[in-house]
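Protein chains: 2
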Amino acid sequence: MVDTDIQTQMLTEFAELARTLGNVHRLILLEHIAQGERAVERLAELSALSIANTSQHLQHLKRAGFVETRREGKHIFYRLGSGPVLNLLTALRHYVEHNRSEIRALVTDSVNQPDRLELISREELLSRMKEDSVTLLDVRPEEEFVLGHLPGAINIPFEELEHRLSELPDDQEIVAYCRGPYCVFSFDAVAMLNTKGLSARRLKNGFLDWKATGQIVETAKQG
Amino acid sequence: MVDTDIQTQMLTEFAELARTLGNVHRLILLEHIAQGERAVERLAELSALSIANTSQHLQHLKRAGFVETRREGKHIFYRLGSGPVLNLLTALRHYVEHNRSEIRALVTDSVNQPDRLELISREELLSRMKEDSVTLLDVRPEEEFVLGHLPGAINIPFEELEHRLSELPDDQEIVAYCRGPYCVFSFDAVAMLNTKGLSARRLKNGFLDWKATGQIVETAKQG
DNA sequence: ATTTGATTTAATGAATCAATTGAATGTTAT
DNA sequence: ATAACATTCAATTGATTCATTAAATCAAAT
Chain R
6 MVDTDIQTQM
16 LTEFAELART
26 LGNVHRLILL
36 EHIAQGERAV
46 ERLAELSALS
56 IANTSQHLQH
66 LKRAGFVETR
76 REGKHIFYRL
86 GSGPVLNLLT
96 ALRHYVEHNR
106 SEIRALVTDS
116 VNQPDRLELI
126 SREELLSRMK
136 EDSVTLLDVR
146 PEEEFVLGHL
156 PGAINIPFEE
166 LEHRLSELPD
176 DQEIVAYCRG
186 PYCVFSFDAV
196 AMLNTKGLSA
206 RRLKNGFLDW
216 KATGQIVETA
226 KQG
Chain Z
6 MVDTDIQTQM
16 LTEFAELART
26 LGNVHRLILL
36 EHIAQGERAV
46 ERLAELSALS
56 IANTSQHLQH
66 LKRAGFVETR
76 REGKHIFYRL
86 GSGPVLNLLT
96 ALRHYVEHNR
106 SEIRALVTDS
116 VNQPDRLELI
126 SREELLSRMK
136 EDSVTLLDVR
146 PEEEFVLGHL
156 PGAINIPFEE
166 LEHRLSELPD
176 DQEIVAYCRG
186 PYCVFSFDAV
196 AMLNTKGLSA
206 RRLKNGFLDW
216 KATGQIVETA
226 KQG
């Protein structure tokens, strides 16, 4: 079996990658790193792990090629590995999204409203943006917003939304978005805005998908 | 953090899937199942595992949705889960293929010839097939061949190739293929045919990819 | 109903992985 | 140089995963 050795070697490598993704903490770290370069201490804080533990998981991710590092003074910054890692991650995400009906049920349950009506696709959003007939609302924490957001979006973190409704136009449709398709801020935001008499929908796949599909991302701070 | 719970639940599911793929034996089982329905005993034999062990890995794959089962008398047949699992598997395969240069090096090393020249893409093959200017050679074991092969291909398992060269035309280019991109039979076949004075190239991604991209697969036996 | 054959389940021990602690490394500022 | 800080490394312990064995299902044939 001249073939078997290499085939097996191949699959062994493959399995190693999969095993690296097979730990929630590492996935959470990846999610955070996907939002922008972060130092170890910050990542530990964000994911509620000890620093040593975080460091070890990061080493693991690095060995597998999912992340790369850069040193700046005392800090070591982690970023996503270059190129196609993102594709792998979104491939997995899409797989889960399309196949695990339990999760789908869970998501739609948690927001007890029929899902579809209030969704807007990336394509529709793009054409609506062209004709300026829509207000983009980013409900993520400011910290994530400044690292990158959809062009022209205004940032009102979900917790503040109720108090800052006056900043939103009542003559234009609002499209709210969040990190990814499973981030519930945008669900809750849309639900709230609609009960307050505003017309709001939710962007289908969120910011990460927007970025992953190569759309323009704005990084300047926006009052 | 209304969001965190669901996000985490989501990633936990995700991690479970990844962990399922994080074992060589399970990947090997998947490779075999991808070639067609198989009973447990057969899979155990093919992957050189004990029956009980095989069964447990299969249960694992089943729980995660990668495979489904069907009972026929005393046998229980395993097949790939319906739909998008294949996509996930090919996504992962492509990721590995494009990113792990060590493996690429390993593959090209093992066949110490420049890789590119003797490759033929699916697209080119399709147009060459239309004009009947090519002979397709399937070098996999007969067992795999009968379960499905490219239309019009002739089957000469690699071990027999040297003795059966006369069955090949010497006035037409030959395109050899094997299971997947890392199956070395086709590398070796092309190398041998070329040294024997025949004109041969290797199909880029092999049979599994052909099938996965929805091309016609022939299943009738071919002398 | 019993036997046979194919598969699954349960229980065990060995191997691997994860989290914690404390020490070690490397970098900047004093 | 030394002190202070961020990160990594090493050793320990507890938890999971894997393979093996033997026993338990479950369907077909006798």
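Residue numbers (the numbering used here), protein chains in the order written: chain R, 6 to 228; chain Z, 6 to 228. In this text, a Cβ means the ideal position worked out from N, Cα and C, and glycines have one as well.
From the options, residue whose alpha carbon lies closest to that of residue i
i: R184(Z); options: L203(Z), K201(Z), L208(Z) and R24(Z); result: L208(Z)
i: H168(R); options: E148(R), L155(R), I38(R) and K201(R); result: K201(R)
i: A69(R); options: R206(R), G27(R), I221(R) and L155(R); result: G27(R)
i: V195(R); options: E50(R), V222(R), I125(R) and R47(R); result: I125(R)
i: R31(R); options: W215(R), S171(R) and S60(R); result: S60(R)
i: E73(R); options: G86(R), L63(R) and H62(R); result: G86(R)
i: T4(R); options: M15(Z), T13(Z) and V29(Z); result: In this structure chain R extends from 6 to 228, so residue 4(R) is not present and cannot be described.
i: E147(Z); options: L63(Z), M197(Z), L166(Z) and M15(Z); result: L166(Z)
i: L131(R); options: W215(R), S52(R) and E77(R); result: W215(R)
i: R75(Z); options: D175(Z), F212(Z), V45(Z) and M134(Z); result: V45(Z)
i: M197(Z); options: K135(Z), T218(Z) and L173(Z); result: L173(Z)
Reduced DSSP category for residue i - H, G, I as helix; E, B as strand; rest coil
i: R43(R); result: strand
i: V139(Z); result: strand
i: I38(R); result: helix
i: R31(Z); result: helix
i: I221(R); result: coil
i: S106(R); result: The pLDDT assigned to S106(R) is 42, lower than 50, so where the model puts this residue is not dependable; a value taken from the coordinates is nonetheless given after this. S106(R) falls in the helix class under three-state DSSP.
i: V72(R); result: strand
i: A57(Z); result: helix
i: L16(Z); result: helix
i: R127(R); result: helix
i: N210(Z); result: coil
i: A243(R); result: In the structure displayed, chain R extends from 6 to 228; residue 243(R) sits before or after that span and is not available.
i: A205(R); result: strand
i: R24(Z); result: helix
i: L5(R); result: Nothing in the structure corresponds to residue 5(R), since chain R is present only between 6 and 228.
i: P119(R); result: Residue confidence is low: P119(R) scores 46 on pLDDT, short of 50, so the model does not pin down where it sits. No coordinate-derived value is stated.
i: L155(R); result: coil
Within chain Z, the residues that residue i reaches when beta carbons sit closer than 7 Å
i: G27(R); result: A20, A23, R24 and G27
Residue j beta carbon less than 8 Å from that of residue i
i: T224(R); j: G153(R); result: yes
i: L35(Z); j: F71(Z); result: yes
i: I159(R); j: L141(R); result: yes
i: E123(R); j: R206(R); result: yes
i: I38(Z); j: R84(Z); result: yes
i: E149(Z); j: Q220(Z); result: no
i: L155(Z); j: I179(Z); result: no
i: R127(R); j: N210(R); result: yes
i: T25(Z); j: H65(Z); result: yes
i: Q177(R); j: V139(R); result: yes
i: S191(R); j: A181(R); result: yes
i: A49(Z); j: A23(R); result: no
| Can we say the region 56-63 of chain R touches the region 16-23 of chain R, given the rule of at least three CB pairs closer than 8 Å? | no
| query | With a cut-off of 8 Å, do at least 3 Cβ pairs link the region 161-171 of chain R to the region 129-144 of chain R? | reply | yes
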